[in-house]
Structure formats: structure tokens, C-alpha cells
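Notes follow once the structure below has been shown.
Protein chains: 2
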Amino acid sequence: MSDPSTSRPARGRPPRLDQARTVETALDLLNGSGLDALTMRRLADAMGVQAGALYRYFRTKEDLLTAMAERMMAGIRAPAGGADWSDRLSGLARALRQALLAHRDGARVFAGTHSTGPGTLGFAESCTGVLREAGFSDADAARAALAVVRLTIGHTLEEQAALRTEDGSPADPEVLRAAVSSGGYPHLTAALPTLTEADQAPHFEFGLALLVAGLETLRQPRR
Amino acid sequence: MSDPSTSRPARGRPPRLDQARTVETALDLLNGSGLDALTMRRLADAMGVQAGALYRYFRTKEDLLTAMAERMMAGIRAPAGGADWSDRLSGLARALRQALLAHRDGARVFAGTHSTGPGTLGFAESCTGVLREAGFSDADAARAALAVVRLTIGHTLEEQAALRTEDGSPADPEVLRAAVSSGGYPHLTAALPTLTEADQAPHFEFGLALLVAGLETLRQPRR
DNA sequence: ACCTGAACACCGTTCAAGT
DNA sequence: ACCTGAACACCGTTCAAGT
């Protein structure tokens, strides 16, 4: 079955490269060193090959990054479907955040690409499906799904950016604290303890809860 | 007053470069060719100088990008303050989107940097101020402001990404349409007409309205 | 003090040539 | 068919040297 001599013609040597393994190696490299250090040359090195060889499998680096984003989205499993629509929608948003957090700079990779693969489309299908089945119109379901996804991307982008300077160096919170307390920002000063919290999950949950509460008022106009 | 011979010592030739003019030129270049084409060498060229000279005014390219983001934020004028808190908050969010839209790839520049300058902090101060004066707790004001800013960034990032492929080439909507209609995505198919609308403002307004409605339920728990 | 010139250590991408 | 080697046209950044 998996014997290369019986499965397909396969004349010549078996290839040392393929799309799936290359994407996997690229995601490992991403986790190890971050997006800025992910170059075609370094990826080729990790695969034991010259940089030019990658271009037989990916037309450009952007195509590779798109394949990486699609691979991240394909890993998402929608949580159990028994709950009501607001729990299911929240679960999808949390799953998206987790999928992006699973790889260093995951949100940056996702935000910089536009996959139309089954993972990405499947996730969008789930979001709009939950909303349409809850009774929202096609247009409202589309726009609500966009809002949830875009809030999640915006949030996770900043969450991972804060992680970048986490260890050593003048950490981001310190710089912000200094800038705020030096000037005349009374409201920001009051908000600062919350803004500089290490755990970003409550911030995400708060924004998500606002969107869901807003959607609920849309379903029950005045009650 | 502005005579260089009386204002300051200024021995030697007057400098051909300064921070403000460099940032302005960089923003012009951004509008003309986009972020990917904005290199230190091309910027130096536009200023009639060698690339190395820029490093006397900006420690790194990232510092330049941060200054550009700060310049964009400094241009924001908060809309008139007579309205109620929800209108003022929406006005701030709209002003942020407009400021990012004012420059090609503006959202990408902003999302990739972390200015702590007066423009950026002043905007954050306005957002938290509106919310705290409306009676929200410090923590809720902080998190609500984060949600509004992050939704706006997430939205504008995608809005400008869609603009990138606007003219010529296989435009993004077409690719999406083809991918969706080929597979088994019934909900996405229903949502497609809305998702592929050219005008993105309604999408933004919808998400913003959801956040504001969510905040209103927080103020009046059950009524 | 301010800028040039030139270099260093890289990039993404292409493509003839080898096997 | 698949990969190498080498090149092309760039990058960001540094720094002695000039003026």
C-alpha cells in the first residue's frame, strides 16, 4: 500500500521534499525562532536542501506562509455542538485564538495571508452556520462572523506581540507604565493595572462577551 | 525667531535631515508604493541622502515605523464631545479607522509597532475616559477600550489587505467565490454576497454596534 | 556635527546544468 | 523529475573617513 514501487510510477529517486513535510518543518522553525527568522534559506537548511529547491513546491514565500496558516486552521476542532448558539460561537472564537497561540507569531502569519483552503473555509462555515441556525439573517450572520474573527485576530496579534519582549530587556509593560505615569493621563493611569495584566485571556473573554451580548439584543430587540 | 543664526548655536552646515521631515517623507512613500516597498535605501534616496545617514535620526527601521505610527495617531481629532458616551466611543473608533485608512498599509504599520507617544496615549486616554465617565469601572473601561481598538485594527487590517489586490489580477473576492461555490459550504455560500461586498464600512459599523450594545447591557443588567 | 563610501552579512528568486 | 550551484538584484546596519 505505502510501498512506493507499487503505489505510483515514481521513476527516478524519491523526492527529498514535499509540501506537507516542508510546512511542518516551517512551523517548527517558526516556534523555535519566530517569523522574522523564518527565511527560505534557513528552512532549506533544516530540510537538508538548497534554497532554490523549495520553489518546486511553493511558488513564493507568501504561498508557503499561506500553507502554514491553512495548516494552523486545519488543526481546529469545533467544540461539541450540544450547547446553545452563543456558547458554540464563543467556543469557535476560543478555538481560533488557541490555534493562533499554538505557534509563535501565529496571528501574524494568519493576518498576513488569505488561505481559501478547507481548514480556513471550514472554520468560517462553522461560524456562519452557528449564527444562521440561531436565526440570524444571512447578512447579520456574515457580519457577526467577521466581527468575531477580526476581534480575535486583533486581540491575538497584540497578545503575541506582548510575548515577544516577555523575557529580558525593558519589557513592554514597564515602558507603558513609565510613559503613562510621566504625563497627564488620568484615565489611562486608572486603567493601567488592568491593561498591564500578564494574563490576556480575561481581556479576550470580555470583548467576546460584548459581541455575544450585542448579538443577543439583536435577537430580542426590547425585552 | 526662526532664523537659525539666532535660535541656537548651530555651528557647521545646517542638517539636511530631521526626524519630522523624514517621517513625513516615509509616509508619502508608503502611500505611493506600500509597506513592502518602503526600504531605508529608497527613503534615503527620496531625501537625497545615503542610507546610512538615516541612522543618525532613527536607531532602527522599527523605530522609524513606530514614529510613523505615532504620526498617524497624532492626526486623530476626537469628534465633538456633546454626545452621549456610546456616540463618543463610536466616534473614536471611526476616527481610528479613518486615521489608519488615510495611509496605504496604515493598519499594518500600526499593528506592527507599539508607540507610547502622545498621539497614541492620548487616543487611549480618550477611549478609557469616555467609558470611565460613563460609569464603567476602571477594569471594564480598560477592557472595553482594548476590545474597540483591537476590533478596529483587525477590521482595518483586512480592509486594507483586500485593497492590495483591488486592481487587475485575480481579485480576492473572485478566488473566495470560486473556492466556496466549488465545495460543500452551504452557510458560507449564503453569507457570500455580504462577505464580498466592496464597501467594508457596514461590516465595521456592525461589529462596533455589537460592542456598544454589549456595553449597554453591562450598564443596565436587566431591563 | 553631519554625511559619504564602502563594506558585512544577509535576503527572495531564477535558472542553466547536473544526475 | 528533482535538486545543485551560482548568480541577480536587492536588504538593514555599521563605521571609518571626509568636510
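For the record, the sequence lines run as chains P and L. Heads up, the first sequence is in the working numbering, so the first residue is 6 and it goes up one at a time. Heads up, the second sequence is in the working numbering, so the first residue is 6 and it goes up one at a time. For each residue, glycine too, the CB sits at the ideal point set by N, CA and C.
Please go through the same chain and pick out, in chain order, the residues whose beta-carbon is closer than 7 Å to the beta-carbon of Asn233(L), but skip the five residues on each side of it.
The structure shown does not extend to residue 233(L), since chain L is modelled only from 6 through 228, so no value can be given for it.
Cα-Cα separation between Arg5(L) and Ser91(L), rounded to whole angstroms
In the structure as shown, chain L starts at 6 and stops at 228, and residue 5(L) therefore has no counterpart that could be examined.
His192(P) touches chain L at which residues, Cβ-Cβ below 7 Å?
In the first sequence, residue 192(P) corresponds to position 187, counting from 1. Annotation: Cβ neighbours of His192(P) in chain L (cutoff 7 Å, chain order): Glu130, Thr133, Gly134, Arg137.
Burial state of Thr27(P) (16 or more Cβ within 10 Å)
Reading the first sequence from its first residue, position 22 is the one you call residue 27(P). Classification of Thr27(P): buried, given that the 10 Å Cβ count is 16 or more.
Tell me the DSSP secondary structure of Ala49(P) in three-state form.
By 1-based counting over the first sequence, the position of residue 49(P) is 44. Correct three-state label for Ala49(P): helix.
Determine the direct distance from the alpha carbon of Thr121(P) to that of Leu236(L), and round the result to whole angstroms.
Examination of residue 236(L) is not possible in this model, given that chain L is present from 6 through 228 alone.
Leaving aside the five residues before and after Ala149(L) along the sequence, list all residues of the same chain whose C-beta is less than 7 Å from its C-beta, in chain order.
Translated into the one-based positions of the second sequence, residue 149(L) becomes position 144. If we look at Ala149(L) and ignore the five residues flanking it on each side, its Cβ neighbours are Leu136, Phe141, Leu220.
DSSP on Ala139(P), reduced to helix/strand/coil?
On the first sequence, position 134 is the one that residue 139(P) refers to. Looking at Ala139(P) - three-state DSSP - the assignment turns out to be coil, as it is neither helix nor strand.
So what does DSSP say about Arg82(P), is it helix, strand or coil?
Locating residue 82(P) in the first sequence gives position 77, counting from the first residue. In the displayed model, Arg82(P) falls within coil according to three-state DSSP, outside both helix and strand.
Contact criterion: CB-CB distance below 8 Å. Does Arg155(L) meet it with respect to chain P?
Position 150 of the second sequence holds residue 155(L). At least one chain P Cβ lies under 8 Å of Arg155(L).
Three-way DSSP call (helix, strand, coil) for Arg18(P) in this model
In the first sequence, residue 18(P) corresponds to position 13, counting from 1. Three-state DSSP puts Arg18(P) in coil, outside helix and strand.
Indicate the three-state DSSP secondary structure (helix, strand or coil) for Tyr60(P) in the structure shown.
Here residue 60(P) refers to the residue found at position 55 of the first sequence. DSSP places Tyr60(P) in helix when its eight states are reduced to three.
Does the contact criterion of 3 or more C-beta pairs under 8 Å hold for the stretch 85-100 of chain L versus the stretch 31-51 of chain L?
With the cut-off at 8 Å, the stretch 85-100 of chain L and the stretch 31-51 of chain L do not touch.
Just to make sure I have the definition right: I need the residues of chain L whose C-beta is within less than 9 Å of the C-beta of Val180(P). Which are they?
On the first sequence, residue 180(P) is found 175 positions in, with the first residue counted as 1. Listed by position along chain L, the residues whose Cβ is nearer than 9 Å to that of Val180(P) are His119, Thr121.
For His192(P) and Leu151(L), what's the separation of their Cα atoms in angstroms?
On the first sequence, residue 192(P) is found 187 positions in, with the first residue counted as 1. On the second sequence, residue 151(L) is found 146 positions in, with the first residue counted as 1. Distance from the CA atom of His192(P) to the CA atom of Leu151(L), rounded to whole angstroms, is 14 Å.
Supposed close pair Met73(L), Gly124(L) - CB separation, criterion 8 Å
Reading the second sequence from its first residue, position 68 is the one you call residue 73(L). Reading the second sequence from its first residue, position 119 is the one you call residue 124(L). Between Met73(L) and Gly124(L), the beta carbon gap of about 11 Å keeps them out of contact (Cβ cut-off 8 Å).
Under 7 Å Cβ-Cβ, which residues of chain P neighbour Ile81(L)?
Here residue 81(L) corresponds to residue number 76 of the second sequence, with the count starting at 1. Residues of chain P whose Cβ lies closer than 7 Å to the Cβ of Ile81(L) do not exist; the shortest such Cβ separation is about 15 Å.
In or out: Ser131(L) buried (at least 16 other Cβ within 10 Å) or exposed?
Along the second sequence, read from residue 1 onward, the residue named residue 131(L) stands at position 126. Its Cβ being crowded by 16 or more others within 10 Å, Ser131(L) is buried.
What does the Cβ neighbour count give for Gln165(L), buried or exposed, with the cut at 16 atoms within 10 Å?
The residue labelled residue 165(L) in the question sits at position 160 within the second sequence. Buried.
Alpha-carbon to alpha-carbon, Leu126(L) and Gly41(L):
By one-based count along the second sequence, residue 41(L) stands at place 36. By one-based count along the second sequence, residue 126(L) stands at place 121. Note that residue 41(L) is Asp in the sequence shown here, rather than Gly. Those two C-alpha atoms are separated by around 27 Å.
Output the boundary residues of the alpha helix (DSSP H) element that contains Thr194(P).
For this step, residue 194(P) is matched to residue 189 along the first sequence. Counting along the chain, the alpha helix (DSSP H) containing Thr194(P) begins and ends at 191-200.
Cβ neighbours of Thr133(L) in the same chain (closer than 7 Å, five flanking residues each side left out)
Along the second sequence, read from residue 1 onward, the residue named residue 133(L) stands at position 128. If you ignore the 5 residues before and after Thr133(L), its C-beta comes within less than 7 Å of the C-beta of Ala146, Ala147, Ala150, all in its own chain and listed in chain order.
With burial defined as no fewer than 16 other Cβ atoms inside 10 Å of the residue's Cβ, what is the status of Ala183(P): buried or exposed?
For the purposes of this step, residue 183(P) is taken as residue 178 along the first sequence, with counting starting at 1. Burial is judged here by how many other beta carbons sit within 10 angstroms of a residue's own beta carbon; Ala183(P) has fewer than 16 and is exposed.
Run of the alpha helix (DSSP H) containing Ser87(P), from where it starts to where it stops:
Working through the first sequence from its first residue, we reach residue 87(P) at position 82. The sequence given here places Gly at residue 87(P); Ser does not occur at that position. Looking at the DSSP string, Gly87(P) is not in any alpha helix (DSSP H), and its letter there is neither H nor E.
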